[in-house]
Amino acid sequence: MKWHFLGGANQVTGSKHLLVTDQARILFDCGLFQGRRKESEDINRNLGFNPAGVDAMVLSHAHIDHCGNIPTLARNGYRNPIHTTTATADLLPIMLRDSARIQEADAAYLNQKTNRRGLPPIIPLYTVEDAEAAIQLIQPHKYTEELLLPGGIRLTHVDAGHILGAALARLEIPRQGGPPLRVALTFDLGRKNLPLLHDPVQIRDVDIVISESTYGDRDHLDARHEGEDLRLAVNRALARGGKVMIPTFALGRAQEIIYLLAELREQNAIPDVPVYLDSPMAQAISRVFEFNLSYLDEDYHDLRSRIGSVMTAPWLRYTETVDESKAITSSSEPSIVLAASGMCEHGRILHHLKHGIENPANQVLLVGYQAVHTLGRRLQNKEPIVRIFGDEFEVRAEVETLGSFSAHADRNELFDYIQGTGAKYVFLVHGEQSQREAFAARLRKRLGIPVELPNNGDIVDLAQLPIPSK
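In this note's numbering, the protein residues as written are 1 to 470.
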């Protein structure tokens, strides 16, 4: 009964875990590692196992760092089910097709250079055809539905409260001569009181927790502050006659901002200026929200009953074409622009920043995690000059980070959740080393249980762990 920590153990990207028993091999998530090009290329191409030998896959949610390398599975012979929630099953085709187009475009761009040098052509990590093959394997399930996986492993998904369709998992793994081993997987644990989403559902009575630790040494502001923080920031910029540019993740954060803006508009708490969603993928995802209403919380339904559709409201302008996007960048009228990518590494947000970053009336609102070496992190660090499309620009626009925005549990929320499971042994993954070490110390001191910090490539025999009896 061996657990292989294949990816996303000692960092926050590329999540991938493999459970191997005498009867089955089950894969949990297969995320894209996102980092420097050479490192990413090596890690994403080398899965660390034979996909054709995997009996089933379980997917927690549709963020690329958890699902983005699934087409590589199909490309290399995986033909078995991908078990996930119904909402994730609706989101996954959007995410995988978009990622595949990016892989093909990147390879084509690089091949323009290699062809001139007479070098061998670069092959995409995967293609749209590979993504389509993977999409055919998706099997949707409802929360709390118990699945019987190969090898007699029982799995139940519950709401993670992280993004639409995100799930936590409870496993029961058969073992000889005793009761099944009970394991909880947090994948990405959400927060209480997030807009749109239900609170995370507590898993109880398990032996082992394999938990994320993204913010294992950090406290968030209360999520209920998000609307007020957004109101203050938006009004400050619009009072100057400027634009509000919000780099946003297409899945999750974009829809959260739309919902908050809808509330503020209904309350007449912000001016009636144009609001643009300048991201084709975010537009497609926003439409998915409208036919997965059972996944959304009571506050969302209350707002929808008052104003009608939130994600496709008349005041929200979807920019369908590149020309429409260019028209926004060339316009000087006050407006609010939501565009991908959330870390300002690619997408239409770069064009908005290029044309607006040097205007002191404008504002850049950072509402998500900004990884090291990204333009978003450089803006967050208040660097006076940044490079966009190879050119240098002086940062004169106001740059503000809204710290209340996070879809990940902080250290207190993580602690409460793990304590609530009753676990006797904990593995911390999906976190930078400093976050993991600080949170491990907290758990050991307060709960008095063993806590391990595995690295990518580590293998642990779960059946041999010294788990104390109650």
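C-beta atoms are modelled at their ideal positions from N, C-alpha and C, and glycine is treated no differently.
This structure is a prediction, so every number in the text was calculated from the model and none was measured.
{"Item": "Distance between H351 and S330 (C-alpha atoms, nearest Å)", "Value": "10 Å"}
{"Item": "Among V460, A423, D410, I385, the one whose alpha carbon lies nearest that of F439", "Value": "D410"}
{"Item": "Check whether V451 and L443 have beta carbons under 8 Å apart", "Value": "yes"}
{"Item": "P466, buried or exposed, once every other Cβ within 10 Å from all chains shown has been counted against 16", "Value": "exposed"}
{"Item": "Whole alpha helix (DSSP H) elements within the segment 95-152, 4-residue minimum", "Value": "128-135"}
{"Item": "L366 versus T321: straight-line alpha-carbon distance, rounded", "Value": "25 Å"}
{"Item": "Whole-number beta carbon distance between H61 and H162, since they are thought to touch under 8 Å", "Value": "6 Å"}
{"Item": "First through last residue of the beta strand (DSSP E) which encompasses T85", "Value": "82-85"}
{"Item": "Host beta strand (DSSP E) of G7 (start-end)", "Value": "2-7"}
{"Item": "Sub-8 Å separation of I422 and V12 beta-carbons", "Value": "The sequence as given places Gly at residue 422; Ile does not occur at that position. No, they are not a contact pair."}
{"Item": "Per DSSP, the bridge partner or partners of P247", "Value": "A339"}
{"Item": "Start-end ranges of the alpha helix (DSSP H) lying completely within the segment 172-253, minimum 4 residues", "Value": "226-239"}
{"Item": "Local Cβ density within 10 Å of S434, reported as buried at 16 or more and exposed below that", "Value": "exposed"}
{"Item": "Buried or exposed (CB count within 10 angstroms, at least 16 for buried), S305", "Value": "exposed"}
{"Item": "Own chain, CB closer than 7 Å to A269, minus 5 neighbours either side, in chain order", "Value": "R231"}
{"Item": "Helix, strand or coil at H17 according to DSSP, with G and I counted as helix", "Value": "strand"}
{"Item": "Residue span of the alpha helix (DSSP H) that contains R45, given as start and end", "Value": "37-45"}
{"Item": "Buried or exposed (CB count within 10 angstroms, at least 16 for buried), K445", "Value": "exposed"}
{"Item": "Contact between the segment 221-241 and the segment 59-78 (3+ Cβ pairs under 8 Å)", "Value": "no"}
{"Item": "Beta-bridge pairing of D302 - partner residues as DSSP gives them", "Value": "In the DSSP output, where bridge partners are listed per residue, D302 has none listed."}
{"Item": "The segment 372-384 in contact with the segment 331-345 per 3-pair CB rule at 8 Å", "Value": "yes"}
{"Item": "Between the CA atoms of A262 and S309 - distance to the nearest angstrom", "Value": "10 Å"}
{"Item": "Host beta strand (DSSP E) of F427 (start-end)", "Value": "425-429"}
{"Item": "Meets three-Cβ-pair contact criterion under 8 Å: the segment 90-101 and the segment 278-288", "Value": "yes"}
{"Item": "contact_flag[the segment 194-207, the segment 167-174] where n(CB pairs < 8 Å) is 3 or more", "Value": "yes"}
{"Item": "Opposing strand residues paired with L30 [DSSP bridges]", "Value": "The sequence given here has Cys at residue 30, not Leu. DSSP, once it has assigned bridges, lists K16 as partnering C30."}
{"Item": "Collapsed DSSP secondary structure at I257 in the structure displayed", "Value": "helix"}
{"Item": "Inter-residue Cα distance where the pair is Y425 and V209", "Value": "7 Å"}
{"Item": "A56 in three-state terms, based on DSSP", "Value": "strand"}
{"Item": "heavy atom of the ligand GTP below 7 Å from V273 C-beta", "Value": "Absent from the structure shown: the ligand GTP. Ligands present: none."}
{"Item": "Beta-carbon separation (whole angstroms), L18 vs L6, contact threshold 8 Å", "Value": "6 Å"}
{"Item": "Simplified DSSP assignment, three categories, for F289", "Value": "helix"}
{"Item": "Where H355 falls, given that 16 or more other Cβ within 10 Å makes a residue buried", "Value": "buried"}
{"Item": "Given W3 as reference, the closest of Q255, G14, V20 once Cα atoms are compared", "Value": "V20"}
{"Item": "Element boundaries [beta strand (DSSP E), containing F393]", "Value": "391-394"}
{"Item": "Segment limits, alpha helix (DSSP H) that includes D65", "Value": "64-67"}
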